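Trainee: Quick one: structure below, then a few questions.
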Amino acid sequence: MFEAILFSLIGLAGLAIGGEFLVRGSVTIAHRLGISNLITGLVIVGFATSMPEMVASVEAALLDSPELAWGNIIGSNIANTLLILGVSALVMPIVLTGMGRRDAVVALIATVVLWLLTALQWGAVWIGVVLLAALGAYIYWRFNHPRASDEEEGEGEGADMKLPLAIAAFIGGVALLVVGGNLLVTGAIDMARLFGVSETVIGLTVVAVGTSLPELAASVAAALRGKPGLAVGNVVGSNIYNILLIGGVTMTVAPFPVPASLLTYQLVLLAVSALALLILLARGKQIGRVIGAVLVMAFAVNTAMAFTG
1125 MFEAILFSLI GLAGLAIGGE FLVRGSVTIA HRLGISNLIT GLVIVGFATS MPEMVASVEA
1185 ALLDSPELAW GNIIGSNIAN TLLILGVSAL VMPIVLTGMG RRDAVVALIA TVVLWLLTAL
1245 QWGAVWIGVV LLAALGAYIY WRFNHPRASD EEEGEGEGAD MKLPLAIAAF IGGVALLVVG
1305 GNLLVTGAID MARLFGVSET VIGLTVVAVG TSLPELAASV AAALRGKPGL AVGNVVGSNI
1365 YNILLIGGVT MTVAPFPVPA SLLTYQLVLL AVSALALLIL LARGKQIGRV IGAVLVMAFA
1425 VNTAMAFTG
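For the sequence shown, our numbering puts the final residue at 1433, and the numbers step up evenly by one.
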């Protein structure tokens, strides 16, 4: 038992530190090479912050643990919307100015597609390729239809290292992610067996929250700095990348259906939270502390139900 917990903790630490190194290194490299803030935020940061979830899910899929792989993807999106956005609002109420509506629609559509794939029990390499192509189409569309604030929000971020150090941070981050992901998944599988819970539950909770720590830190920091667009955009963008990028890669390397057990209530909660976020962004004036508390409480209840259900 001690070894399983230790492996999981070391793996989580590796993913958190590796993700931070990867983001800082890649963003600095982009700035040093003169890449725009829009592309840096949309593509480079989007991919980099998704790497912890990517590594954990792919490692789990390759180790023949689809419940852990897809539980991580779905659990990460639930954690993004309920936990990360909720905590960010508790730290500092998020004033909404029409931000993120279009991206929230894309996130909701991606969620519905994932629900349909699970309900129909479809699993094939071509589905993974289609999901990745959809991500490419989304990035192309966003690049050609940017928000007015896209360039301003990323200004001045990530150019605090010299290029050689940034390259070293990037390479070191990738190495830590690979090692950390392997240790986390190995430890999580062992913990599921030791504690008598399913790999799905471990994926939805321990692994999902652990791999979402970079997004939590980024969104809370953005809220404290008075940049609501970054806090909200980080959550919505991560939800899109989790389904289209990580789901696409996972389905490509391990073309099996998403476990039907996730249909019971986790995918329902995911769809409801995605719809609620869209309504908030479309009609709300702010995500205040009361709403933040409700979101965090909903996450806590869902976590408790996952372990006791």
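Glycine included, each C-beta is placed from N, C-alpha and C at the ideal position.
Quantities reported herein were computed from a predicted structural model and do not represent experimental measurements.
Quick check on A1325: does DSSP put it in helix, strand or coil?
Mentor: Looking at the sequence itself, residue 1325 is Val, so the reference to Ala does not match. Three-state DSSP puts V1325 in a helix.
Trainee: Is the separation between the beta-carbon of L1368 and that of Y1264 shorter than 9 Å?
Mentor: No, these two residues do not count as a Cβ contact at 9 Å.
Trainee: In whole angstroms, what is the alpha-carbon distance linking G1278 and A1332?
Mentor: The pLDDT assigned to G1278 is 47, lower than 50, so where the model puts this residue is not dependable; a value taken from the coordinates is nonetheless given after this. G1278 and A1332: Cα-Cα distance of roughly 26 Å.
Trainee: Within the continuous alpha helix (DSSP H) that includes P1217, where are the two ends?
Mentor: Element bounds for P1217: n/a, residue is neither H nor E.
Trainee: With a threshold of 8 Å, are at least 3 pairs of Cβ atoms found where one atom belongs to the stretch 1239 to 1255 and the other to the stretch 1402 to 1419?
Mentor: The stretch 1239 to 1255 vs the stretch 1402 to 1419: no contact.
Trainee: Measure how close the beta-carbons of A1172 and S1181 come, nearest whole angstrom, since I'm counting them as under 8 Å.
Mentor: No, A1172 and S1181 are not in contact; Cβ-Cβ is about 16 Å, not under 8 Å.
Trainee: Can you look up V1425 in the DSSP assignment and give me helix, strand or coil?
Mentor: Here V1425 sits in helix by DSSP.
Trainee: Starting from the C-beta of A1203, find all residues in its chain whose C-beta is less than 6 Å away, skip the five residues before and the five after it, and write them out in chain order.
Mentor: Contacts found: A1332, V1333 and S1336.
Trainee: According to DSSP, is Q1390 helix, strand or coil?
Mentor: Note: Q1390 maps to helix in three-state DSSP.
Trainee: Rounded to whole angstroms, what's the CA-CA distance from G1305 to M1315? Just pull it up for me.
Mentor: Approximately 15 Å between the Cα atoms of the pair.
Trainee: Report, in whole angstroms, the separation of the C-beta atoms of I1326 and A1312, which I expect to be a contact under 8 Å.
Mentor: Correct: roughly 5 Å between the Cβ atoms.
Trainee: On the CB-based measure, 16 or more other CB atoms within 10 Å of its CB, does Y1365 come out buried or exposed?
Mentor: Buried.
Trainee: What is the DSSP secondary structure of I1159, counted as helix, strand or coil?
Mentor: It is coil, neither helix nor strand.
Trainee: How would you call M1375, buried or exposed, if buried means at least 16 neighbouring beta carbons within 10 angstroms?
Mentor: Buried.
Trainee: Pick out the complete alpha helix (DSSP H) segments inside the stretch 1202 to 1255, 4 residues or longer, and give them in chain order.
Mentor: DSSP runs (the alpha helix (DSSP H)) wholly in the stretch 1202 to 1255: 1209 to 1215 and 1225 to 1244.
Trainee: Candidates S1132, R1148, A1228 and A1430: which alpha carbon is nearest I1403's?
Mentor: Per the Cα distances, A1228.
Trainee: DSSP puts I1411 in a beta bridge; with which residues?
Mentor: Beta-bridge pairing links I1411 to I1218.
Trainee: On the CB-based measure, 16 or more other CB atoms within 10 Å of its CB, does G1138 come out buried or exposed?
Mentor: Classification of G1138: buried, given that the 10 Å Cβ count is 16 or more.
Trainee: What does the Cβ neighbour count give for G1280, buried or exposed, with the cut at 16 atoms within 10 Å?
Mentor: Confidence in G1280 is poor, its pLDDT being 44 and thus under 50, which makes the residue's placement too unreliable to answer from.
Trainee: Residues in its own chain within less than 8 Å of L1220 by CB, not counting five upstream and five downstream?
Mentor: Once the five neighbours on either side are set aside, the close Cβ partners of L1220 are P1352, V1356, L1404, L1405, G1408, K1409, Q1410 and I1411.
Trainee: Is F1380 helix, strand or coil when you go by DSSP?
Mentor: F1380 falls in the coil class under three-state DSSP.
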